[in-house]
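Here's the structure, in structure tokens; my notes come after.
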Amino acid sequence: MPVELQQVVGDSGVAEETPTRLEARLYPWKYLGYKSFASAFAIDPDFFAVRRFDRLHARAILTLQAQLVELECKLDELDKRYSAKSCKVRVVNGEIQEVVETANNSSVSDDAGETLVDINNGSVRVDIPERASLVKSITLKLAEYDRALLDYASVLALGSAPSRNVQNIKVWLQENPGAIVKREASFIEHQYELVAIAPSKSPLRRWFEDYVLFPTRKSLAWFRKTPHPSLRPEAHLDVHLTSNDAIDVFAAATIFLAVAVMLIMPLWILQALTQLKWKLVVITVFIVVCLAFLSVAAVGNSLGRIGATAG
């Protein structure tokens, strides 16, 4: 016997039916489905991972390339044909009618206004309709090819999905069996081509999240974010959602202290040294250490880090 639906009043004042937890467990494909799955994806970048489809991208680009090669060959054939001495164009009253082959290499005119003239291969304004149409097709196909190539290059620039993202999605699917059709949920098994959409992170921060926060996710609650409501409270410890605000505060404080130490400590060491050689050694060591720290702790290019160190 099915359980009766709970009724709640929404913002519009209309009674809305909300499934009970038991109903959501019995009919997850009806009450959860992609609505809850997408909500879990959208709640945090740590819950986002999708396939890059490398093989399909390559297949599509290769297909477009083959089509362009075929069009290129047709254009080369037309250019060769229209450049032949025997190839003329029939012009009637100033309008191009057709391309003809003739043994006469000179232009021929008659009283009906019909003229056989050499094809002008140096103008696109009076180009042969067949070639003009082919060039138009090539232009459209090139735009399609370039768009596919640039789009794939943009996809390749995306970072690989961290293991914690994959783990979070697997936990959601395990906690909500049947909510997503198994065949459609199998994308998570293609871990080698999963990508995540998230702001760039420094190598030090990635190391901190992967090797400090992830192994200690059950104890370091300060860095945690509340998981999606579709997950049971018992599963919250298996999901790894980090609070970017908390990590940003911690990272800013850590970088400030580290840089302060690297800027102030050399001053105290230098004042105690008398030999110039050792002073240069201290300065060199701290510059190298500061550069190494900035290279792993900051997001940016090397020139920016060097400028920051020199400043």
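Per my numbering, the very first residue in the sequence shown carries number 857; after that it's consecutive. Where is the CB? At the ideal position from N, CA and C, for every residue including glycine.
Practice task
In the DSSP assignment, find the unbroken alpha helix (DSSP H) run with V1068 in it and report its ends.
Solution key: First-last for V1068: undefined, no H or E at that position.
Problem - Rounded separation between V1144 and P884 - CA only - result: The alpha-carbon atoms of V1144 and P884 are separated by roughly 57 Å.
Practice task
Work out the CA separation of D910 and K1026 for me, nearest whole Å.
Solution key: One alpha carbon belongs to K1026, the other to D910, and they sit about 22 Å apart.
Exercise for the section: May I ask you to report which of helix, strand or coil DSSP gives D867? Expected result: Annotation note: pLDDT 49 at D867 (below 50); position unreliable, coordinate value reported separately. The answer is coil: DSSP assigns D867 none of H, G, I, E or B.
Practice task
Return the CA-CA distance between L918 and R1003, expressed in angstroms with no decimal places.
Solution key: Going by the C-alpha atoms only, they are around 13 Å apart.
Practice task
Output yes or no for whether 8 Å exceeds the beta carbon distance between I1044 and L1014.
Solution key: Taking a C-beta distance under 8 Å as the contact criterion, I1044 and L1014 do not qualify as a contact pair.
Practice task
Excluding the 5 residues preceding and the 5 following S1016 in the sequence, name in chain order all residues of the same chain whose CB lies nearer than 8 Å to its CB.
Solution key: Around S1016: L1050, V1051, A1052.
Handout entry: As assigned by DSSP and simplified to three states, the class of L1129
Key = It is coil, neither helix nor strand.
Practice task
Would you kindly work out how many angstroms separate the C-alpha atoms of K997 and D1007, rounded to a whole number?
Solution key: As the crow flies, the alpha-carbon of K997 is around 15 Å from that of D1007.
Handout entry: 7 Å CB neighbourhood of E1090 in its chain, flanking five on each side removed
Key = Low local confidence applies: a pLDDT of 47 at E1090 is under 50, so the model's placement there is unreliable, and no value is given.
Handout entry: Distance CB(D932)-CB(N1024) smaller than 8 Å
Key = No. Outside cutoff.
Exercise for the section: Tell me R907's beta-bridge partners as DSSP assigns them. Expected result: According to DSSP, R907 bridges with L1050.
Handout entry: Sufficient close CB pairs (3 or more, under 8 Å) joining the stretch 1111–1123 to the stretch 1146–1154
Key = Cβ pair count under 8 Å is three or more, so yes.
Exercise for the section: Kindly indicate which residue of T971, D935, M1121 has the alpha-carbon position closest to the one of L990. Expected result: L990 has its Cα closest to that of D935, out of T971, D935, M1121.
Problem - For R876, the three-state DSSP class (helix, strand or coil) - result: The sequence given here places Thr at residue 876; Arg does not occur at that position. In the structure shown, T876 sits in coil (DSSP, three-state: anything other than H, G, I, E or B).
Exercise for the section: For S939, count neighbouring Cβ atoms within 10 angstroms of its own Cβ and tell me buried if that reaches 16, exposed if not. Expected result: In this structure S939 is exposed. Its beta-carbon is surrounded by fewer than 16 other beta-carbon atoms within 10 angstroms.
Practice task
Can you give me the start and stop residues for the alpha helix (DSSP H) that A1004 sits inside?
Solution key: Start and end: 985–1013.
Practice task
Just mark A1035 as buried or exposed, buried being the case when its beta carbon has 16 or more other beta carbons within 10 Å.
Solution key: A1035 is buried by the Cβ-count criterion.
Exercise for the section: Decide if W1134 is buried, meaning its Cβ has at least 16 other Cβ atoms within 10 Å, or exposed. Expected result: It is exposed - the Cβ of W1134 has fewer than 16 other Cβ atoms within 10 Å.
Handout entry: Where E1040 falls, given that 16 or more other Cβ within 10 Å makes a residue buried
Key = Exposed, because fewer than 16 other Cβ atoms sit within 10 Å of the Cβ of E1040.
Problem - L1150 (DSSP reduced to helix, strand or coil) - result: L1150: helix per DSSP, three-state reduction.
Problem - Spatially closest choice to L1012 from A896, T1140, R908, A1107, by CA coordinates - result: Nearest option by C-alpha distance: R908.
Exercise for the section: Would you grab the beta carbon distance between L927 and Y1001 for me? Rounded to a whole angstrom, and I think it's under 8 Å. Expected result: Under the criterion of beta carbons closer than 8 Å, L927 and Y1001 do not qualify as touching, at roughly 11 Å.
Practice task
Have a look at P985, T958, M1118, V1141 and flag the residue whose alpha-carbon is nearest the alpha-carbon of K941.
Solution key: Checking every option, the nearest Cα to that of K941 belongs to T958.
Handout entry: Cβ-based neighbour list, L1119, same chain, cut-off 6 Å, excluding 5 preceding and 5 following
Key = The beta carbon of L1119 is closer than 6 Å to none in its chain, skipping five residues each way along the sequence.
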